[in-house]
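Following: one structure in structure tokens, then a few remarks.
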Amino acid sequence: MRTTGSSQRSQQCLRGAAYKVLVAFCSAAALGVQVGCQQTSEDPSQRSKAVPLFREVAASRGIDWIHNAGPHDDFPMPQIMGSGCALFDANGDGLLDVLLVPGHCPPESLQEENSQVRTAVPLFLQSQDGMFVEHTGQSGMVIRGFGMGATTGDIDNDGDVDVLLTTSTGPLLFTNNGDATFEDVTGAAGIESSRWSAAAAFTDYDRDGWLDLLVVNYVDYFPGSICEDGVGNRDYCGPLSFTGTTDRLYRNLGADGSPGAFHDATIPSGIVTAVGKGLGLICSDLTGDGRIDFYVANDMEPNRLWVQQENLTFVDEAPIRGCATDIHGRAQASMGCVWTDLDSDGRNDILLTHLRGENNTVYRQVAPGLFADQTGTTGLGAASLDFTGFGVATPDLDCDGFLDVVIANGRVKRAPLLNPVPASSHWAEYAERNQIFFGSNDGLFQQTLPRDEPFTKDARISRGLATGDIDNDGDIDVLVVNTNGPCEIFENIVPKAGHWLMVRAMDGRKKRDAVGAMLTLVCKSATWRREVQPNSGYQSSHDARVHFGTGEETEFEYVEVEWPDGACEIERFEGGPLDRHILLIRGNGSRGPGG
1 MRTTGSSQRS QQCLRGAAYK VLVAFCSAAA LGVQVGCQQT SEDPSQRSKA
51 VPLFREVAAS RGIDWIHNAG PHDDFPMPQI MGSGCALFDA NGDGLLDVLL
101 VPGHCPPESL QEENSQVRTA VPLFLQSQDG MFVEHTGQSG MVIRGFGMGA
151 TTGDIDNDGD VDVLLTTSTG PLLFTNNGDA TFEDVTGAAG IESSRWSAAA
201 AFTDYDRDGW LDLLVVNYVD YFPGSICEDG VGNRDYCGPL SFTGTTDRLY
251 RNLGADGSPG AFHDATIPSG IVTAVGKGLG LICSDLTGDG RIDFYVANDM
301 EPNRLWVQQE NLTFVDEAPI RGCATDIHGR AQASMGCVWT DLDSDGRNDI
351 LLTHLRGENN TVYRQVAPGL FADQTGTTGL GAASLDFTGF GVATPDLDCD
401 GFLDVVIANG RVKRAPLLNP VPASSHWAEY AERNQIFFGS NDGLFQQTLP
451 RDEPFTKDAR ISRGLATGDI DNDGDIDVLV VNTNGPCEIF ENIVPKAGHW
501 LMVRAMDGRK KRDAVGAMLT LVCKSATWRR EVQPNSGYQS SHDARVHFGT
551 GEETEFEYVE VEWPDGACEI ERFEGGPLDR HILLIRGNGS RGPGG
């Protein structure tokens with residue numbers, strides 16, 4: 001039994017201050033909510049004997065870049081925490097380009113706040129033949145300090161994708177001139193800060209049609225700190241060695257006639273009331289009341305769910321909503337995070353990656369806005385205990401209609417039982433292999449280890465991970481940044497179990513991707529819901545287009561889009577055959593139920 005997206009989303013549009021969790025939960029139960037394909041997927045265990053699932057193609061397609069983490073004699077903490085990456089169309093030609101966040105600037109840039117030492121940000125533009133051409137020197141993007149993450153979005157509604165980079169010495173904002181050249185507008189935009197910024201996301205939290213910005217800061221770091229491992233050897237400091245900091249919320253002033261300028265709303269919003277050590281971020285409606293909330297994944301501290309109130313203020317409700325700590329009430333070392341429907345029940349869940357010795361955690365949404373740590377029933381817990389997870393994403397790799405999980409792993413501390421190795425092998429002590437899990441119709445994930453699989457075979461210190469249809473062939477490819485190692489592009493060659501649809505939802509009036517829009521794909525016997533959410537995982541930005549795997553379905557009846565700004569507006573776009581890319585432009589569909 002299934003429910004169409006229109007009924008569920010129209011109910012959400014009608015919720016307001018009188019919204020009641022119990023009533024909504026009972027309504028969903030009465031409808032028998034179940035979203036997703038009902039076919040039986042291929043047994044993932046058989047893939048362990050199959051051909052590789054990915055082909056690594058970075059160098060062969062023109063990206064021969066190695067992340068430079070810099071000298072490790074002093075074990076600077078930012079060195080082991082970066083870096084991220086981004087997949088986005090930098091020059092408007094319809095092809096995904098690759099941005100790689102550099103890891104290191106010379107030491108003087110870390111010691112001197114006003115140092116002018118800079119490092120260029122690698123940018124590779126994709127050509128029509130699928131090759132990449134380096135555009136680093138022409139882009140105009142440079143950073144100082146250690147590079148952390150990349151966030152993309154059109155902040156001035158001019159049709160070009162802009163870039164925010166997080167670093168150990170604060171965020172940097174670059175506006176796109178339309179030709180993949182960028183201008184540093186950090187000061188002019190009003191977002192200057194010297195704090196270690198980690199995750200960030202563009203989101204329209206006030207629904208005025210202009211993308212706002214939340215920057216998650218990590219710790220109050222100072223260079224030169226000395227830390228040791230459990231047996232007295234010098235090692236990287238952890239978050240417990242430093243105090244936390246406040247995150248920063250910036251409201252876009254575009255509606256007031258100043259596009260691309262921001263007002264610091266940290267104090268009036270209430271975000272200032274708490275400090276943390278944030279590394280991951282979700283910006284979405286996590287409570288089902290139609291307002292954007294913020295979920296911040298903290299390192300060794302309880303996570304925060306900033307629930308938006310009626311007056312654009314926020315209150316942390318993570319403890320009462322069940323997503324602050326694990327099932328035992330313990331704060332974990334949260335890094336990457338994803339907000340998606342892991343068990344195909346029509347409600348999004350939270351997936352977090354964690355430190356070696358902890359399990360990655362799944363907070364299932366058991367009722368609207370209420371969560372429970374149900375990691376033990378997912379297959380994602382025990383398999384993660386020997387790894388430190390950072391980048392994470394949930395693409396449907398085989399198009400069977402069920403989400404899969406890819407995780408980028410790499411230690412931040414030496415393994416307790418390993419003896420120190422020679423200095424020339426410093427980085428080998430922190431390397432781990434990555435992981436792939438295939439999903440099924442019961443919400444259970446199974447780790448898959450094919451022989452000679454490029455994504456999982458070699459141990460590296462993987463950090464940033466971004467997903468997207470890089471070659472526009474209808475399946476999802478993966479970009480990974482490795483600390484002091486090569487960038488890798490993993491081309492998806494997974495044997496397909498079904499069909500697909502790739503959707504770009506665009507607001508023609510604002511000339512940009514409709515970040516935050518909810519898409520509902522309705523086929524004859526199944527329904528899927530996905531959100532336009534390019535900024536997620538760990539310090540990385542993904543393809544803004546939404547990919548649906550549809551299993552045995554060959555046609556779709558329609559797609560409904562709930563647009564993310566203004567009054568609640570649902571628009572329906574009529575269907576057709578699958579296995580293609582489609583563009584949905586606001587105003588070109590028909591008014592959907594509840595819209």
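The UniProt record's numbering puts the sequence shown at residues 1 to 595.
Built from N, CA and C at the ideal position, the CB exists for glycine as well.
From which residue to which residue does the beta strand (DSSP E) around residue i run?
| i | result |
| --- | --- |
| Ala200 | Ser197 to Thr203 |
| Pro577 | Glu569 to Pro577 |
| Ala372 | Leu370 to Asp373 |
| Thr175 | Leu172 to Asn176 |
| Leu281 | Gly278 to Ser284 |
| Met77 | Neither: Met77 is in no beta strand (DSSP E) and is coded neither H nor E. |
| Asn472 | It is not in any beta strand (DSSP E) - Asn472 carries neither H nor E in the DSSP assignment. |
| Ala431 | No beta strand (DSSP E) contains Ala431, which DSSP labels as neither H nor E. |
| Asn409 | Val405 to Asn409 |
| Ala393 | Gly389 to Ala393 |
| Ile493 | Element bounds for Ile493: n/a, residue is neither H nor E. |
| His581 | Arg580 to Ile585 |
Under a Cβ-count criterion, where at least 16 other Cβ atoms within 10 Å of its own Cβ denotes burial, should residue i be classed as buried or exposed?
| i | result |
| --- | --- |
| Gln332 | buried |
| Arg591 | exposed |
| Gly576 | exposed |
| Asn234 | For clarity, residue 234 is Arg in the given sequence; the question names Asn instead. Looking at its Cβ environment, which holds fewer than 16 other Cβ atoms inside 10 Å, Arg234 is exposed. |
| Gly587 | exposed |
| Asp494 | The sequence given here has Val at residue 494, not Asp. With 16 or more other Cβ atoms within 10 Å, it is buried. |
| Ile436 | buried |
| Gln128 | exposed |
| Thr448 | buried |
| Phe222 | exposed |
| Gly147 | buried |
| Lys413 | buried |
| Glu358 | buried |
| Asn311 | exposed |
| Glu531 | buried |
| Leu583 | exposed |
| Pro534 | buried |
| Gly224 | exposed |
| Ser197 | buried |
| Val51 | exposed |
| Ser462 | buried |
| Met77 | buried |
| Asp452 | exposed |
| Arg248 | buried |
| Pro122 | buried |
| Ser109 | For Ser109, the predicted model reports a pLDDT of 43, less than 50, meaning its position is unreliable and no value from the coordinates is stated. |
| Arg580 | exposed |
Please confirm whether any heavy atom of the ligand GTP lies closer than 6 Å to the CB of residue i.
| i | result |
| --- | --- |
| Asp404 | With respect to the ligand GTP, the structure offers nothing, as it holds no ligand at all. |
Can you name the residues that DSSP bridges to residue i?
| i | result |
| --- | --- |
| Tyr221 | Answer is none; Tyr221 lacks a bridge partner. |
| Pro486 | Ile66 |
| Met300 | DSSP, once it has assigned bridges, lists no residue as partnering Met300. |
| Val215 | Ala200 and Arg248 |
| Val412 | Looking at the DSSP assignment, Val412 forms no beta bridge with any residue, so it has no partner. |
| Phe294 | Cys283 and Trp306 |
Where do the N-terminal and C-terminal ends of the alpha helix (DSSP H) with residue i fall, by residue?
| i | result |
| --- | --- |
| Gly464 | Gly464 -> not in any alpha helix (DSSP H); beta strand (DSSP E) instead, spanning Ser462 to Gly468. |
| Thr266 | Thr266 to Ser269 |
| Phe455 | Pro454 to Lys457 |
| Thr166 | Not the alpha helix (DSSP H): Thr166 falls in the beta strand (DSSP E), residues Asp162 to Thr167. |
| residue 598 | Coverage of the chain is limited to positions 1 through 595, which leaves residue 598 absent and any answer about it impossible. |
| Ala189 | Thr186 to Ala189 |
Is the CB of residue i under 7 Å away from at least one CB in chain B?
| i | result |
| --- | --- |
| Asp208 | No chain B is part of this structure, which consists of one protein chain only. |
Quick check for students: name the residue ranges of the alpha helix (DSSP H) that lie wholly in the segment 308-367, counting only runs of 4 or more.
318-321
Return the chain-ordered ranges of every alpha helix (DSSP H) run that is complete within the segment 82-149 and spans a minimum of 4 residues.
108-111 and 136-139
Using 8 Å as the Cβ pair cut-off and three pairs as the minimum, do the segment 83-91 and the segment 172-189 touch?
yes
With a threshold of 8 Å, are at least 3 pairs of Cβ atoms found where one atom belongs to the segment 515-525 and the other to the segment 536-553?
yes
What ranges does the alpha helix (DSSP H) occupy inside the UniProt domain "ASPIC/UnbV" (514-569), keeping only unbroken runs of at least 4 residues that lie completely in it?
none
Evaluate the contact criterion for the segment 316-335 versus the segment 380-387: three or more CB pairs, one atom per stretch, below 8 Å.
no
When the Cβ atoms of the segment 49-62 are set against those of the segment 204-211, are three or more pairs found closer than 8 Å?
no
Looking at C-beta atoms only, is the number of pairs between the segment 293-302 and the segment 250-261 that lie closer than 8 Å three or more?
no
Using a Cβ distance threshold of 8 Å, determine whether the segment 224-234 contacts the segment 266-283, with at least three qualifying pairs required.
no
Would you be able to state if there are at least three C-beta pairs under 8 Å between the segment 400-407 and the segment 437-444?
yes
Three-pair Cβ contact test at 8 Å for the segment 278-287 versus the segment 332-347:
yes
Counting beta carbon pairs with one atom in the segment 563-577 and one in the segment 480-492, are three or more of them shorter than 8 Å?
no
Is it true that the segment 354-369 meets the segment 500-514, where meeting means three or more beta-carbon pairs spaced less than 8 Å apart?
no
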